[in-house]
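What follows is one structure encoded as structure tokens, with my remarks underneath.
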Amino acid sequence: MNVWGEQLMNALVIGSFYSLIALGYSMVYGIIQLLNFAHGDVYMVGAFVGYGVLSAMSGAPLFVGLGAAFLFASLATGLLGLGVERIAYRPLLQSSRLVMLITAIGVSLVLENGVMLALGPSFRVMPVELPRSGLSLFGADVTYAQLAIIATSVGLMLLLDAFVRRTLYGKAMRAIAVNPTATALMGIPVHRVIALTFFIGSFLAGSAGVLAGVYYGKINFMMGFIVGLKAFTASVLGGIGSLPGAMLGGYLLGFLETFGAAALGGEWKDVFAFVILILILTLKPTGLLGRTGTERV
Amino acid sequence: MMLLEVERLSLRFGGLEVIRDLSFAVPAGTIASFIGPNGAGKTSLFNLITGFYRPTAGEIRFAGERITGLPPSAVARRGLARTFQNIRLFKTLSALENVLSALHPRTRSGVFAALFRTPGMRREEAWAREEARRALAFVGLQDVADRSAGTLPYGHRRLLEIARAIALRPKLLLLDEPAAGLNPAEKAALADLIRRIRDELEIGVILIEHDMRLVANVSEHVVALSYGEKIAEGPPADVLRHPKVVEAYLGEEAVG
Amino acid sequence: MTATSFRARASQGATAGLLLALFLFPRVASNYWLDVFTSAFFYVILALGLNVVVGFAGLLDLGYAAFFAIGAYTTGILTTVYHVPFLLTVPAAAALAALSGVVIGAPALRLRSDYLAIVTLGFGEIIRITAKNLTLTGSASGIYGIPRPTVFGHALKTQQDFYYLLLILAIVTYLAMRRLEHSRVGRAWKYIREDEDAAAAMGIDPFRYKLLAFVVGAVVGGLAGTVFAVRMTAIAPESFGFMQSVLILLAVILGGLGRLPGVVLGAFLIVLLPEAMREFASWRYFLFGALLIAMMHFRPEGLWPAGRRKMPQSGRAALNGGDGR
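Protein chains in written order, with the numbering used here: chain V, 1 to 297; chain Y, 298 to 553; chain D, 554 to 878.
What follows is the structure, given as structure tokens:
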């Protein structure tokens, strides 16, 4: 009971990270059908920006530093997303999918190795330590930090959901997904909506990066590679293009992976996600909450 | 014998009903036309028949066999060829290579035959090229066989798409607005070509066409659609004068 | 007419000269350069194999190293644990690579073909992690002591032996690819790459041919892996990571997607460029990434001089198979 409860908390924390990143994957795929391979690296950059802010503010009280790191890193990665979209992807929107995919690989390599060249290949230790204090829930030890991470992530997702539902932006996003040309003809600034999508997606990935960096305590330039792949798996699991699907998929993957690793041994942890990905594509390719579409010719 | 039978066919995209409870039949060896104002569902109907869309309800039978839900390539292999409204050629490939694509179902050579250039493969390749040249010659494009499709003038591209479709040796050929953008002389030649396809190659033809003179000139059977429903069917003289057809077109002209 | 035949003859002459130079190269080259060129031939084979998937069929495979690993480990395990002669391990490796190609390719290709990119990436990781965790594959330290092969009574030992072996295999692969390109199957790939719907309307099953391209690529990768195992005599999981896959992809794209001489050029470039800039070794992948982005923006058809053909650039439609959406 005790151990399972703690595993459950681990799953919720990891699931939060996956969900936040999966949202950006899903949004970008939903709007321009691009598998943005560089998305996991945006998460990594978020962690490094957070590291920079926390190092600079080492004298400040813990919560002030964390708050500043969170805000600054999320905004910075949001802007990074904007820049990447503007420079790398926008000029290619009319090109073939293959060209876009290869570009995304290039962006991923540049981000990873840019950080590696600037800060070195070794792991960096975050200059703060989260308090270990917590409480006992049904016999399981739960730290306040875990609760805060889950609450922050869920809060961000609720905000996003409200934004997409309540504003014109959400409608415009769906319209572009269906037919970009017609949407542009209706006077909707397609490029601005796509840019905003990149901003929001990268913002969420960056915030996940800071949270994960602080939570695990160690960061490295390759930390986004596997996590990005898993977040993609999460978005396919939930149904790519569907925002509730991405959130559900993220948490589900968190659970499957945590309990699967507990059962089979930690060295197989990273294989899980990919086996799930291949199974989902075989058995239910639209994902749990995705829609089927007859959109051809 | 009925070559193509469509029974209570419906197609929905979300809340939009594109085809509603449509039934009709086209006998073998006929030249038929689908007419109707823009948005009546004619191209969607082609896409349904050729397997590009899956119907929401209803059945399509071709030469007595149920083909509903088959993928496009399987439909094509059963003898249904089509052209596209906006001309879908393999632009960077030569005219001959374009037509060769239609010989695919009637040839066999696989990877091993290609690697070892087996005698059977060479024979087959020579035969396919000859067939393709014959199809090009049938539409009068024998002289541009080696030019890349994208560089051909518009009228030639329309003809090349037809040559590609007839090289499939189909029982039925669906032409989506073949006369669009052609001048009167080219249209007259097209009418001739359509008749020759039926008479010499014994391929039935269904065309979607807006040019009513061409429709009246070549077709023996007309199906008129409006908002996804059949409003008239029969010989062209009757259908073109049918009050509902006149109304549908007048309505369009009054708006447009 | 005379102009084209002159050009054809000039290029034939250039090819013959180049081949002659490559065959005589071991007489003048140091062991170091012999090794570099052997690696280059090796990447020529891998890049030609991946080109079937990316260049001919227009699909993205990001886990190509996995097939290479499957071939290498099959030969490694069979020769060291079961003492099977090298030549008998070759068909086993090819069959295993083909089988995994079907298992991975079929679910991904039935859907949107760009899912293949991420599924192959995941597959690459599965293979690497599995190789690292199993005792059969020697865990993290891999397999060593793979015996040198005997091919038709001739034991391959020296660097020169492997230079010639790989040179010949590269030439054979090139000729095979050229035959494939100009065959019924090669044309079907081109039709699907140019316009999937039009190809389907001509009775060509896009799924079947995409899967075939993927499997042919897998088999070539697997075969290259068997040779890698006996040349290196030791293999470890880290030789088959994502960066290996990216490197091979870069070779395909750099020279000229789908154009065979371009692919050969690309393979030589990815081996020779790092040699030329050793002092910037840590910049390697950053520059490769920047190069990929730049190529896609300014010269998506690759560095090889453009011929009659061009990369399908007609909007997303070319690979997506739709227009206006």
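Glycine is no exception: its CB is placed at the ideal position from the N, C-alpha and C atoms.
For residue 520 (chain Y), the uninterrupted beta strand (DSSP E) run begins and ends at 518–523, by DSSP. Residues of the region 402–418 of chain Y with a C-beta less than 7 Å from any C-beta of chain D: 402, 404, 406, 407, 408, 411, 412 and 414, listed in chain order. Within the region 705–723 of chain D, contact with chain V at the beta-carbon level (separation under 9 Å) is assigned to no residue.
Think of a sphere of 9 Å around the beta carbon of residue 757 (chain D): the chain Y residues whose beta carbon falls inside it are 370, 373, 398, 401 and 402, in chain order. Around residue 614 (chain D), no beta-carbon contact reaches into chain Y at under 7 Å, the shortest distance being about 18 Å. The C-beta separation of residue 536 (chain Y) from residue 519 (chain Y) comes to about 4 Å, placing the pair in contact by the 8 Å criterion. For a Cβ distance threshold of 9 Å, residue set 408, 411 and 412 of chain Y lies close to residue 733 (chain D), ordered along the chain. Think of a sphere of 9 Å around the beta carbon of residue 106 (chain V): the chain D residues whose beta carbon falls inside it are 841, 842, 843, 844, 845, 846, 847, 848 and 849, in chain order. Excluding sequence positions up to five before and after residue 780 (chain D), its CB lies less than 6 Å from no other CB in the same chain. Residue pairing of residue 136 (chain V) in beta bridges, as defined by DSSP: V:141. The C-alpha of residue 725 (chain D) lies about 49 Å from the C-alpha of residue 493 (chain Y). Shown in chain order are the members of the region 270–284 of chain V whose Cβ falls below 8 Å from a Cβ of chain D: 270, 271, 273, 274, 275, 277, 278, 281 and 282. In the DSSP assignment, the residues bridged to residue 703 (chain D) are D:708. In summary, the residues of the region 76–107 of chain V whose CB is separated from some CB of chain D by less than 7 Å are 88, 91, 92, 94, 95, 96, 97, 98, 99, 101, 102, 103, 105, 106 and 107, in the order they occur in the chain. Between residue 449 (chain Y) and the set Y:380, Y:316 and Y:386, the nearest pair of CA atoms involves Y:386. When DSSP states are grouped into helix, strand and coil, residue 46 (chain V) belongs to the helix group. Under a criterion of Cβ atoms nearer than 8 Å, the residues of chain Y adjacent to residue 747 (chain D) are, in order, 387, 388, 389 and 390. Contacts with chain D (Cβ-Cβ distance below 9 Å) from the region 251–268 of chain V involve 265, 267 and 268, listed in chain order. Rounded to whole angstroms, the gap between the alpha carbons of residue 308 (chain Y) and residue 391 (chain Y) is 37 Å. Apart from the 5 residues on each side of it in sequence, residue 626 (chain D) sits with its Cβ closer than 8 Å to the Cβ of 684, 690, 696, 778, 782 and 788 in its chain, given in chain order. Each residue's CA atom was taken as its position, placing residue 181 (chain V) and residue 144 (chain V) some 49 Å apart. Boundaries of the alpha helix (DSSP H) harbouring residue 851 (chain D): 837–851, taken from the DSSP string. Nearest C-alpha to residue 179 (chain V) among V:27, V:32, V:10 and V:12: V:32.
A direct Cα-Cα distance of roughly 6 Å separates residue 366 (chain Y) from residue 351 (chain Y). Relative to the Cα of residue 381 (chain Y), the nearest Cα in the group Y:503, Y:526 and Y:532 belongs to Y:503.
Within 10 angstroms of the beta-carbon of residue 395 (chain Y) lie 16 or more other beta-carbons, which makes it buried. Ranked by Cα distance from residue 42 (chain V), the options V:233, V:193, V:212 and V:267 are led by V:212. According to the DSSP assignment, residue 116 (chain V) belongs to the alpha helix (DSSP H) that extends over 97–119. Buried is the label assigned to residue 39 (chain V), since at least 16 other Cβ atoms lie within 10 Å of its Cβ. Residue 636 (chain D) is classed as exposed because its beta carbon has fewer than 16 other beta carbons within 10 Å across all chains shown. Assignment of residue 279 (chain V) by DSSP, reduced to helix, strand and coil, places it in the helix class. The Cβ atoms of residue 491 (chain Y) and residue 469 (chain Y) lie no closer than 8 Å to each other. The CB of residue 736 (chain D) comes closer than 7 Å to the CB of 406 and 411 in chain Y, given here in chain order. Under DSSP, residue 323 (chain Y) shares a beta bridge with Y:301.
Taking 8 Å as the cut-off, the Cβ atoms of residue 246 (chain V) and residue 257 (chain V) do not count as close.
When C-alpha distances from residue 354 (chain Y) are compared across Y:471, Y:403 and Y:316, the shortest belongs to Y:316.
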